[in-house]
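Read in order, the letters of the sequence shown are residues 1 to 449 in the UniProt record's numbering.
Idealized CB from N, CA, C, for every residue including glycine.
So the structure is just underneath, and the comments pick up after that.
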Amino acid sequence: MVAIIGRPNVGKSSLFNRILSRRHAIVSEVAGTTRDRLIAGASWKGRSFLLVDTGGLEDNPEGHIPQRVQQQADMAMGAADVIIFITDAIQGLTATDQAVAQRLRRTDKPVILAVNKVDNDRRELAATEFYELGINETSFISAYHNYGVYDLLERVVGENGPEPIFVPSTEMRLSIVGRTNVGKSMLTNAIIGQERSIVSPVAGTTRDALDTQISYRDHTITLVDTAGIRRPGQVQRGIEKYSVLRAVNAVHRSDITLLITDATELATAQDAHIAGLAWDTNRGLIVVVNKWDLVNPNRFRMERGLHRVRERLHFMPYVPVCFTSALTGEGIDELLDSALSLWQERQRRVPFRDLQYLLADAVSTHSPPSMRGNIRNRLRIRRVRQVGVNPPTFVFSVNDPKLLHFSYRRYLENRIRDKFGFNRTHLRLVFRHEREERTTRPGVRGRSR
Numbered sequence: 001m002v003a004i005i006g007r008p009n010v011g012k013s014s015l016f017n018r019i020l021s022r023r024h025a026i027v028s029e030v031a032g033t034t035r036d037r038l039i040a041g042a043s044w045k046g047r048s049f050l051l052v053d054t055g056g057l058e059d060n061p062e063g064h065i066p067q068r069v070q071q072q073a074d075m076a077m078g079a080a081d082v083i084i085f086i087t088d089a090i091q092g093l094t095a096t097d098q099a100v101a102q103r104l105r106r107t108d109k110p111v112i113l114a115v116n117k118v119d120n121d122r123r124e125l126a127a128t129e130f131y132e133l134g135i136n137e138t139s140f141i142s143a144y145h146n147y148g149v150y151d152l153l154e155r156v157v158g159e160n161g162p163e164p165i166f167v168p169s170t171e172m173r174l175s176i177v178g179r180t181n182v183g184k185s186m187l188t189n190a191i192i193g194q195e196r197s198i199v200s201p202v203a204g205t206t207r208d209a210l211d212t213q214i215s216y217r218d219h220t221i222t223l224v225d226t227a228g229i230r231r232p233g234q235v236q237r238g239i240e241k242y243s244v245l246r247a248v249n250a251v252h253r254s255d256i257t258l259l260i261t262d263a264t265e266l267a268t269a270q271d272a273h274i275a276g277l278a279w280d281t282n283r284g285l286i287v288v289v290n291k292w293d294l295v296n297p298n299r300f301r302m303e304r305g306l307h308r309v310r311e312r313l314h315f316m317p318y319v320p321v322c323f324t325s326a327l328t329g330e331g332i333d334e335l336l337d338s339a340l341s342l343w344q345e346r347q348r349r350v351p352f353r354d355l356q357y358l359l360a361d362a363v364s365t366h367s368p369p370s371m372r373g374n375i376r377n378r379l380r381i382r383r384v385r386q387v388g389v390n391p392p393t394f395v396f397s398v399n400d401p402k403l404l405h406f407s408y409r410r411y412l413e414n415r416i417r418d419k420f421g422f423n424r425t426h427l428r429l430v431f432r433h434e435r436e437e438r439t440t441r442p443g444v445r446g447r448s449r
C-alpha cells in the first residue's frame, strides 16, 4: 500500500491520476478538494500495489471537516507500506512541509520525497532547497507533464522489495470476509478453538484485520478475520471506512477467501459484490453458509440453498459451497478440508507436453472462428505454457490477441478444467502476440536485424 501525503493543493490528486493513467480523483485549484481517502489498484513493471490519495495536511486544522481530513490522512499513513511525500516547487519549502516531514519521520516507514511542478530548469534549481528536509529518496517531478514520474515509480517499487519469485507456498492464507454480523468472528473462534476475536451481536464490532496462525493436517494456515463490508452508501466515515479498507486489503494478500453468508438471508447482492472482489483479484473462493442451525437444516433446504448461491454467483459456477454453524461447530472440519483441497488444486502444475496435446486436440475439435467470415482474420494459436500457480496461469502464443472471441476463451478454459481437474479454482488465461512471446520466454532471444 502506497500513500500520497502532503499539504493542500500541491498536486496529490494529479499525481494519483497520473500513476493510474486515468482521471480517478477530482483535481481542482481549490485547496482541500480531496477529503476522503481514494484507493485504487496500480502496477508498475509487473508489481501491483494499492495507491491511496489523501486530503491535505495542515498545522492547526480548524472545523469539523478539516479535522476529519487529518484523521483520514493519519489512517492512510498508518496502513501504508511506503509513503510518497509530495511538495510544491513553485511555493517552495514552507513551515507546513517541515512539520509534515517531522510527522513522517515518527512513522518509521520508507518515505520518498516528490517535489512537484518542476516544469523547467529554473524550478529544478530552486527545488534543491527541499534537500534541507533530510529525506534521502528525492525525485523532481511534474505530475501534469508526466516528468520524473517513472523515476518515482522505480523508487516506489524498490521500497516494496525485490521482484517476487513464483514458487509454491507452504503456508495457506485464508481471509474471512462478509457482510456485517454474519458470524465471521465466531467462525474464526470456532476454527481455532479459542476466543481470538470479540464476538458481539452489534454489527461492526471487528475493526482491524486479525491474523491467527494454526496447524491443520500438517499444514500451516493463517486465518485473517476482518470487519464486515457494507454497501458503499452505508459505510460510515472514519474508523469503519478504514476497517473496510483493511478487509479489502486482506483479500488481496490471501490465497483463498472464505465468503461468510447468513443462512437466514441467503446470497444477497452485497454477497455477490464481495465475491467479485475475490474474482477480480484471482483469489480462490469458498462460500460459507453460516448459522445453518437456525433454519431447521435438511437435505431439501441444503439443495435449495445451494441453488440460490449458484444463481446469485453465476459468474463463478465452480465455487465450492460449505454449510456451517459456528455456534455448534457443525461443518468446521469439512470447511477446512475443502479449503486445503482448493489450495492444493491452485498449486498444481501441468507438464508442457500435456498442454500441447490438449491444445492440438482442442483446436482440431473446434477451430477458432474467423472474424467477419474472412479466413485470413482467424486466430492461430502456436503454443501454450503454464507460467504460474495460485492461481494457475497459462500463456497462449497467438498471431493476434485481438482476434480472440470471448466464447473461444471460455471454451479453452473449460477444456483445461476438464482435462487437468481444475474444478474449483479461478484460472488465469493470458493471450500474447507470438513476437512478444519469443522475447519473453527464458533463453530465447529476438531476431537480430
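Could you tell me the boundaries of the alpha helix (DSSP H) in which residue i lies?
| i | result |
| --- | --- |
| Phe352 | Phe352 to Thr365 |
| Arg310 | Arg299 to Arg312 |
| Ile274 | Ala269 to Asp280 |
| residue 469 | Only positions 1 to 449 of the chain appear in this structure, which leaves residue 469 out of reach. |
| Ile416 | Phe406 to Phe420 |
| Asp108 | Unbroken run through Asp108: none, as it is neither H nor E. |
| Asp121 | Asp121 to Ala126 |
Pull the bridge partners of residue i from the DSSP assignment, please.
| i | result |
| --- | --- |
| Ala3 | Val52 and Ile83 |
| Trp44 | Arg47 |
| Arg432 | Ser397 |
| Gln213 | Thr222 |
| Val321 | Val287 |
| Met316 | None, per the DSSP bridge assignment. |
| Gly388 | Thr393 |
| Glu334 | Looking at the DSSP assignment, Glu334 forms no beta bridge with any residue, so it has no partner. |
Measure the beta-carbon distance from residue i to residue j and round it to whole angstroms, keeping in mind my assumption that it falls under 8 angstroms.
| i | j | result |
| --- | --- | --- |
| Ala272 | Arg312 | 5 angstroms |
| Asp255 | Arg217 | Incorrect: roughly 16 angstroms between the Cβ atoms, too far for contact. |
| Pro392 | Leu427 | 6 angstroms |
| Val321 | Arg424 | That pair is no contact at about 10 angstroms. |
| Leu358 | Lys419 | 5 angstroms |
| Thr96 | Arg7 | 5 angstroms |
| Ile141 | Ala101 | Not really, about 17 angstroms apart at Cβ, beyond 8 angstroms. |
| Ala263 | Gly305 | 7 angstroms |
| Ala80 | Lys109 | 6 angstroms |
| Val10 | Asp88 | 4 angstroms |
| Asn298 | Gln347 | Wrong, their Cβ atoms sit about 36 angstroms apart, outside the cutoff. |
Please determine whether the Cβ atom of residue i lies at a distance below 7 angstroms from any heavy atom of the ligand ATP.
| i | result |
| --- | --- |
| Glu171 | With respect to the ligand ATP, the structure shown offers nothing to examine, as it has no ligands at all. |
Does DSSP classify residue i as helix, strand or coil?
| i | result |
| --- | --- |
| Thr96 | helix |
| Thr180 | coil |
| Arg348 | coil |
| Gly78 | helix |
| Ala89 | coil |
| Val235 | Here the model assigns Val235 a pLDDT of 42, short of 50, so the residue's position is not dependable and the matter cannot be decided. |
| Glu171 | strand |
| Leu57 | coil |
| Gly158 | helix |
| Arg378 | strand |
| Arg383 | strand |
| Glu265 | coil |
| residue 453 | Residue 453 lies beyond the stretch modelled for the chain, which goes from 1 to 449, so this question has no answer here. |
| Asn296 | coil |
| Thr425 | coil |
| Ala339 | helix |
| Thr188 | helix |
| Leu104 | helix |
| Asn249 | helix |
| Ala326 | coil |
Determine whether the beta carbon atoms of residue i and residue j lie at a separation below 8 angstroms.
| i | j | result |
| --- | --- | --- |
| Ile214 | Leu258 | no |
| Ile5 | Ile83 | yes |
| Thr281 | His252 | yes |
| Arg385 | Phe352 | yes |
| Arg415 | Ala362 | yes |
| Val157 | Arg308 | no |
| Val398 | Leu404 | yes |
| Ala326 | Asn290 | yes |
| Glu129 | Gly92 | yes |
| Gly56 | Leu50 | no |
| Val52 | Ala76 | yes |
| Ser43 | Ala143 | no |
| Thr226 | Val295 | no |
| Leu187 | Ile260 | yes |
| Val224 | Ala250 | yes |
| Val118 | Tyr147 | yes |
| Thr220 | Glu171 | yes |
Could you pull the start and end residues of the beta strand (DSSP E) that residue i belongs to?
| i | result |
| --- | --- |
| Ser139 | Thr138 to Phe140 |
| Ile19 | No beta strand (DSSP E) holds Ile19; the alpha helix (DSSP H) holding it covers Lys12 to Leu20. |
| Leu285 | Gly284 to Asn290 |
| Leu259 | Ile256 to Asp262 |
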